[in-house]
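Encoded as structure tokens, the structure appears first; notes follow it.
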Amino acid sequence: MDKNGLMEQWFLRYGDDIYKFLIYYTGTRDVEDLVQDVFLKALRSLDAFEGRSQPKTWLLTIARNTAIDHKRKQRLRNWLPDKWLANVETEEKTPEEILHVHEEHQALYHAIREVKPAFREVLILRGVKGLSSKETAEILGWSENKVNVTLHRAMKAVREILEREKKEMIGDAI
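Residue 60 in our numbering is what sits at position 39 of the sequence shown, and the numbering runs on without skipping anything.
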């Protein structure tokens with residue numbers, strides 16, 4: 022099978038996973054361009070894919086790096102003075118508003134967005150995407166032990182945020 026055919030097959034098989042990962046990772050539903058970038062980068066570097074990992078793991082690694090690069094470029098663009106006012110004037114809807122997620126899922130999503138980036142990455146890859154510790158370690162360039170410890174700490178941090186928000190809601194209701 023040629024490169025284009027293989028990439029088309031991978032897109033059909035893993036495109037939805039990449040799309041959902043990028044939504045969680047970036048916090049916006051507007052990720053179609055990033056998904057396209059992921060598969061273009063994968064196509065260009067397909068010769069470098071040695072098959073030591075699953076294609077999905079390799080594509081998620083590319084997706085993570087693409088999202089990080091995109092965020093860096095956005096920060097740079099936001100330093101431009103004419104962009105400052107545009108950012109103040111427009112309020113982008115949050116993913117939970119767009120997706121009309123159940124109230125409990127909204128709280129969980131918000132808690133995941135509040136934790137530090139390393140915690141967020143592990144929660145998304147292990148908890149949301151259901152990857153193994155080994156696959157997550159490959160994507161993040163960590164040891165499996167670090168993935169497991171970080172996941173434990175991330176879950177504890179999310180629990181604390183959810184408990185704090187619950188207490189705040191009860192306090193507001195009284």
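Quick reminder that beta carbons are idealized off the backbone N, C-alpha and C, glycines included.
Taking C-alpha atoms, which residue in the options lies nearest to residue i?
i           : options          : result
residue 176 : 155, 139, 92     : 139
residue 173 : 153, 144, 151    : 144
residue 141 : 69, 168, 156, 68 : 168
residue 68  : 55, 25, 48, 32   : 25
residue 37  : 23, 55, 22       : 55
residue 33  : 52, 48, 43, 60   : 60
residue 31  : 187, 43, 57      : 57
residue 255 : 73, 81, 182      : Residue 255 is absent from the model: the chain starts at 22 and stops at 195.
residue 52  : 75, 92, 70, 64   : 92
residue 132 : 42, 178, 164, 89 : 178
Does the beta-carbon of residue i have 16 or more other beta-carbons within 10 angstroms, so that it is buried, or is it exposed?
i           : result
residue 147 : buried
residue 39  : buried
residue 156 : buried
residue 136 : buried
residue 22  : exposed
residue 190 : exposed
residue 152 : buried
residue 170 : exposed
residue 129 : buried
residue 117 : Its pLDDT being 47, under 50, residue 117 is placed unreliably by the model, and the measurement read from it follows with that caveat. Flag for residue 117 reads buried.
residue 111 : The predicted model places residue 111 with a pLDDT of 41, which falls under 50 and marks its position as unreliable, so this point remains unresolved.
Quick one: measure Cβ to Cβ for residue i and residue j, integer angstroms, because I've assumed they're closer than 8 Å.
i           : j           : result
residue 159 : residue 78  : 6 Å
residue 35  : residue 149 : Not really, about 15 Å apart at Cβ, beyond 8 Å.
residue 81  : residue 28  : No, residue 81 and residue 28 are not in contact; Cβ-Cβ is about 15 Å, not under 8 Å.
Any beta carbon from chain C within less than 9 Å of residue i's own beta carbon?
i          : result
residue 23 : Judged by its chain identifiers, the structure shown contains no chain C, having just a single protein chain.
Could you check whether the Cβ of residue i sits closer than 8 Å to any heavy atom belonging to the ligand COA?
i           : result
residue 145 : For the ligand COA, the structure offers nothing, since it holds no ligand at all.
Self-check item: Runs of alpha helix (DSSP H) wholly within the segment 39–96 (minimum 4 residues, chain order)
Solution: Within the segment 39–96, the complete alpha helix (DSSP H) runs of at least 4 residues are 53–65.
Quiz item: Should the segment 150–166 be called in touch with the segment 71–87, which here means at least 3 C-beta pairs below 8 Å?
Solution: Yes: at least three Cβ pairs fall under 8 Å.
Exercise. With a floor of 4 residues, list each alpha helix (DSSP H) that falls wholly inside the segment 143–169, ordered by position along the chain.
Key: Correct list: 154–161.
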